[in-house]
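Take any residue in the sequence shown, count from 1 to its spot, add 175: that is its number in this note's numbering.
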Amino acid sequence: MYGCDSMHKKLFLIEFINSMLAMNSHRKYFFILSCTILFLTSCNHWKGKIAKETMAFDTVIYQKDPLATYVLDKRKSRCVVSDNLPVKNFAIVDSLMFVDTGRDHGMVEVLSMNDFLSKGSFGNKGRASGEFTNGINLGLYTTFRKKGNTLCATLYDMVTGKVFSVDISSFLKHGKAILVEEFKNTEIPQPAFWVKQLSDSVLFAKVLTNEETTQRRLLVRNGNVENLKSMAFADEFAVPQNTDFNMISTLIGVSPDQRKCVEAMLDMNYMNVYTPMSGKGFTVCCGDKLDLLSDALSLSKAERRYMFADVRAYDFGFAVLKYDIDERTYEAGDDFKPTILVLDWNGKSLGELKPNIKFNHFDMDVRKGFLYVLDAESRIRQYSIPAIKSWNNHSSRAK
């Protein structure tokens, strides 16, 4: 998911393997052997029967034509971050940009959106108390939340299973980040490979189950683990054993108020929009019909579709980065040009953005109407799109 030569499709696998390498030598040996078998068998075509073909809600909204198309000119963009700052991913929160640098010390650099100068960095990689074994992942393991006028970040360490919070407002004022353990590893279902905080006492997590063939969506409320009964249909969506579990992998974006989320399939042409606390929602399909799991499995790995690569959620709606290419094209590193689809929380198209360059991450400054993309050279480019402000202003008036 990170970097100009990143392997989006293998994000979870990389994180999962890294965590398992912390095992003792015997368990590590059997784990690596299992991964090797999985890799070899996932290259084959599947010829069996599929119990469940989609992970969709009963209500499906079909998106064929965007409301508007914004074709962007690279010559009118500008690079906003110093070349001396390594960038793997980034996230915009109000007037701040958080940059995942990939460094061992000061992993997250905090920049002002006014001048893009650093306000400091925090987070270290390591095994000491308050350090993160495999670093910080802004997409999978980090939640930014407002508590009154205070901005806080919640960070999950997949290896230790601990959840820490950082008072960002205090960090900006005093220049020191203090990590406080909010949830202990005994409270988090393991191995949870995706965790977001929904409230002071509630976490939303995904866990790989049934020998890596399914994934469960869980709420951790006051230390108690709860199944989302209304999302059972999604938890039952399974790949056959010894096939590529990326086929059921998803990207999830959670709204700033933590009340809504969008879950986009990596390999298929649809996404689910729902309320995590209740599981009620609908599906948005980017095509004439929903992609079927059996159709995807009938193809070789090189022929399979790579559909969505990133997702961001806002007050007005959400945006997804659409690749819509086959694995062969992606692995070859061909110069494809992705599109950003923008929708409101009712599944209605607000438009599509076409930067006309190869990029793998993006975010928006909704206050000023700017789009930022991480290009193939790991540079953050800024584009002015006035429509972004109108989307945000319309959402604010509707509240």
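C-beta: ideal position from N, C-alpha, C; glycine also.
Compare the Cα-Cα distances from Leu-394 to each of Thr-418, Trp-369 and Glu-387 and report the closest residue.
Trp-369
Rank Gln-416, Asp-419, Arg-392 and Thr-514 by C-alpha distance to the C-alpha of Ala-407 and give the top, closest one.
Arg-392
So, at 6 Å on beta carbons, what are the nonlocal neighbours of Arg-320 in its own chain, with the 5 sequence-adjacent residues on each side left out?
Cys-327
Among the residues of its own chain, which have a CB less than 8 Å from the CB of Gln-365, if the five just before and after it don't count?
Gly-336 and Val-382
By how many angstroms is the C-alpha of Asp-490 removed from the C-alpha of Asn-567?
7 Å
Reduced DSSP secondary structure (H/G/I, E/B, other) of Ala-243
coil
Here's the rule I'm using: 16 or more other beta-carbon atoms within 10 Å means buried, otherwise exposed. How should Val-246 be labelled?
exposed
Taking only beta-carbon atoms, is Glu-228 less than 8 Å away from chain B?
Structure shown: chain B not included; a single protein chain is present.
What first and last residue would you give for the alpha helix (DSSP H) that runs through Leu-467?
Taken as a continuous stretch (DSSP letters only), Leu-467 belongs to no alpha helix (DSSP H), as it is neither H nor E.
Own chain, CB closer than 6 Å to Leu-315, minus 5 neighbours either side, in chain order:
Trp-369
Boundaries (first-last residue) of the alpha helix (DSSP H) holding Asp-118:
The structure shown does not extend to residue 118, since the chain is modelled only from 176 through 574, so no value can be given for it.
From this set, Phe-346, Ala-352 and Ala-380, which residue's C-alpha is nearest Phe-358's C-alpha?
Ala-380
Using 10 angstroms around the beta-carbon of Lys-351, count the other beta-carbons present and answer buried if the total reaches 16, otherwise exposed.
exposed
Can the beta-carbon of Pro-241 be found closer than 8 Å to that of Ser-524?
yes
Grab me the residues of Thr-276's own chain with a C-beta within less than 8 Å of its C-beta, minus the 5 sequence neighbours each way, in chain order.
Leu-260, Pro-261, Val-262, Lys-263, Met-282, Val-283, Glu-284 and Ser-296
Would Gly-526 and Ala-562 be called neighbours here (beta carbons separated by less than 8 Å)?
yes
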